[in-house]
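Trainee: Numbering (our numbering), first residue to last: 3 to 292. Heads up, the beta-carbon is just placed ideally off N, CA and C, and yes, glycines get one too. Next up is a structure, given as structure tokens.
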């Protein structure tokens, strides 16, 4: 019953009948059809009103976004259409250029953002990722996410990943070993890696976020665990350039930028890990100079 009343065929048929009846009466020019036409038109009008009310009761009414208001209209339109099709999150938020996701939806959305960046051709084909690294092993198990990184790079894009670590963590042998294993894995994918000491960053810099081209930014508001049973993130499709600028201010330029800082750290730490002779004092002294 519901499918019949909401059918596009039924709506089209009512419209056609509403046109045919008065035209037929005019062609035949029979006065005895006047009352019949009026009655038929009244019935059709009532049917159209009832059908409209029925459709409103069974379908969600979406406020449509103006794609041109977004940083990248094509990219945003693709993301929005996919989310609407999959019935994820609040459509009102999507229309405002914002989306919030929880727990296991976070990694799935992260992968989608990567893939749409490739498919949409949004420019630049670049991802800027700032990661609050408290457990390097977490990133190594997110295989789909890492595969999406590789796919973007193989498609001609680039990924810059900034590992933001506490100085006390960097001074630990087990953390240093796990971090360098993570760095090696990312480099094998073609990711450009850098290091920043979290103790020296402002609160508005020590944030876990990923910038996709100039189109979207994924901000992790609550850190997820290994299985992503918890965690909360938001995606913003407006004011993306501010987040890109924030990343670049942390990444830096020249000899004092994040990549040389990572190189300096690993040049001291790698031999210690290989030789199983960790010198925490020497590591702390080096971290103080980064």
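Going by DSSP in three states, residue 239 sits in which element: helix, strand or coil?
Mentor: The count along the chain shown starts at 1 and reaches residue 239 at position 237. Note: residue 239 maps to coil in three-state DSSP.
Trainee: Among the candidates 248, 175 and 76, whose CA atom is the shortest distance from the CA of residue 205?
Mentor: Numbered from its first residue, the chain shown carries residue 205 at position 203. The residue with the shortest Cα to Cα distance from residue 205 is 248.
Trainee: Cα separation between residue 2 and residue 288?
Mentor: Outside the shown range of the chain (3 to 292) lies residue 2, about which nothing can therefore be said.
Trainee: Name, in chain order, the residues that DSSP records as bridge partners for residue 130.
Mentor: Mapped onto the chain shown, residue 130 falls at position 128. Beta-bridge pairing links residue 130 to 162 and 213.
Trainee: Quick one: using the 10 Å Cβ neighbour count with 16 as the cut-off for buried, is residue 277 buried or exposed?
Mentor: For the purposes of this step, residue 277 is identified with residue 275 of the chain shown, where counting begins at 1. Burial call: exposed.
Trainee: Given residue 239, which residues of its chain have a CB within under 6 angstroms of its CB, disregarding the five upstream and five downstream residues?
Mentor: For the purposes of this step, residue 239 is taken as residue 237 along the chain shown, with counting starting at 1. Result list for residue 239: 72, 78, 99 and 218, in chain order.
Trainee: Using CA atoms only, rank isn't needed, just tell me which of 146, 191, 175 and 169 is closest to residue 161.
Mentor: On the chain shown, position 159 is the one that residue 161 refers to. Selected option, being the one with the closest Cα: 191.
Trainee: Locate the beta strand (DSSP E) running through residue 205, then write down its first and last residues.
Mentor: As a working note, residue 205 is residue 203 in the chain shown. Looking at the DSSP string, residue 205 is not in any beta strand (DSSP E), and its letter there is neither H nor E.
Trainee: Can you have a look at residue 114 and say buried or exposed, based on whether 16 or more other CB atoms are within 10 angstroms of its CB?
Mentor: Here residue 114 corresponds to residue number 112 of the chain shown, with the count starting at 1. It is buried - the Cβ of residue 114 has at least 16 other Cβ atoms within 10 Å.
Trainee: Taking residue 256 as part of the alpha helix (DSSP H), name the residues at either end of that continuous run.
Mentor: On the chain shown, position 254 is the one that residue 256 refers to. Premise fails: residue 256 is in no alpha helix (DSSP H) and is neither H nor E.
Trainee: Express the C-alpha separation of residue 51 and residue 109 in angstroms, rounding to a whole number.
Mentor: One-based indexing of the chain shown puts residue 109 at position 107. One-based indexing of the chain shown puts residue 51 at position 49. So the two alpha carbons sit approximately 44 angstroms from each other.
Trainee: Given residue 194, which residues of its chain have a CB within under 8 angstroms of its CB, disregarding the five upstream and five downstream residues?
Mentor: As a position in the chain shown, residue 194 is number 192, starting the count at 1. These residues qualify, in order along the chain: 160, 161, 162, 163 and 261.
Trainee: Between the Cα of residue 281 and the Cα atoms of 174, 82 and 105, which residue gives the shortest distance?
Mentor: Your numbering for residue 281 matches position 279 in the chain shown. It is 174.
Trainee: Around the C-beta of residue 118, are 16 or more other C-beta atoms found within 10 angstroms, so that it is buried, or is it exposed?
Mentor: Reading the chain shown from its first residue, position 116 is the one you call residue 118. The residue in question, residue 118, is buried, as its Cβ has 16 or more Cβ neighbours within 10 Å.
Trainee: In whole angstroms, what separates the C-alpha of residue 150 from that of residue 172?
Mentor: Along the chain shown, read from residue 1 onward, the residue named residue 150 stands at position 148. Along the chain shown, read from residue 1 onward, the residue named residue 172 stands at position 170. Cα to Cα, residue 150 sits roughly 28 angstroms from residue 172.
Trainee: How far does the beta strand (DSSP E) with residue 291 in it extend, from its first residue to its last?
Mentor: Position 289 of the chain shown, counted from the start, is the residue given in the question as residue 291. That residue, residue 291, is in no beta strand (DSSP E); it is neither H nor E in DSSP.
Trainee: Run through DSSP, which three-state label would residue 178 get?
Mentor: Along the chain shown, read from residue 1 onward, the residue named residue 178 stands at position 176. Three-state DSSP puts residue 178 in a helix.
Trainee: Residue 45: buried (16+ other C-beta within 10 angstroms of its C-beta) or exposed?
Mentor: Here residue 45 corresponds to residue number 43 of the chain shown, with the count starting at 1. Exposed, since its Cβ has fewer than 16 Cβ neighbours within 10 Å.
Trainee: Assign residue 196 to one of two classes, buried (16 or more other C-beta atoms within 10 Å of its C-beta) or exposed (fewer than that).
Mentor: One-based indexing of the chain shown puts residue 196 at position 194. When all chains shown are included, residue 196 counts as buried.
Trainee: Return yes when the Cβ of residue 128 is within less than 8 angstroms of the Cβ of residue 215, no when it is not.
Mentor: Reading the chain shown from its first residue, position 213 is the one you call residue 215. Reading the chain shown from its first residue, position 126 is the one you call residue 128. In contact: residue 215 and residue 128 (Cβ atoms closer than 8 angstroms).
Trainee: Is the shortest distance between the beta-carbon of residue 163 and the beta-carbons of chain B less than 8 angstroms?
Mentor: Note that chain B does not occur in the displayed structure, where there is just one protein chain.
Trainee: Consult DSSP for residue 91 and reduce its assignment to one of helix, strand or coil.
Mentor: As a working note, residue 91 is residue 89 in the chain shown. Residue confidence is low: residue 91 scores 47 on pLDDT, short of 50, so the model does not pin down where it sits. Its coordinate-derived value is still stated next. DSSP places residue 91 in coil when its eight states are reduced to three.
Trainee: For residue 153, report the span of its beta strand (DSSP E) as first-last.
Mentor: Sequence index remark: in the chain shown, residue 153 carries index 151 (1-based). Residue 153 -> not in any beta strand (DSSP E); alpha helix (DSSP H) instead, spanning 145-156.
Trainee: Go to residue 101, then tell me how far its beta strand (DSSP E) extends in each direction, as first and last residue.
Mentor: Counting from one through the chain shown, the residue named residue 101 turns up at place 99. Run containing residue 101: 100-104, per the beta strand (DSSP E) assignment.
Trainee: In whole angstroms, what separates the C-alpha of residue 279 from that of residue 167?
Mentor: If you number the chain shown from 1, residue 279 lands on position 277. If you number the chain shown from 1, residue 167 lands on position 165. In a straight line, the C-alpha of residue 279 is about 22 angstroms away from that of residue 167.
Trainee: Would DSSP call residue 170 helix, strand or coil?
Mentor: Translated into the one-based positions of the chain shown, residue 170 becomes position 168. Looking at residue 170 - three-state DSSP - the assignment turns out to be helix.
Trainee: What's the call for residue 126, buried or exposed, on a 16-neighbour Cβ count within 10 Å?
Mentor: The sequence position of residue 126 within the chain shown is 124, counting from 1. Exposed.
Trainee: Rounded to the nearest angstrom, how far is the Cβ of residue 2 from that of residue 236, given a contact under 8 angstroms?
Mentor: Residue 2 cannot be examined here, being either before or after the span of the chain that is shown, 3 to 292.
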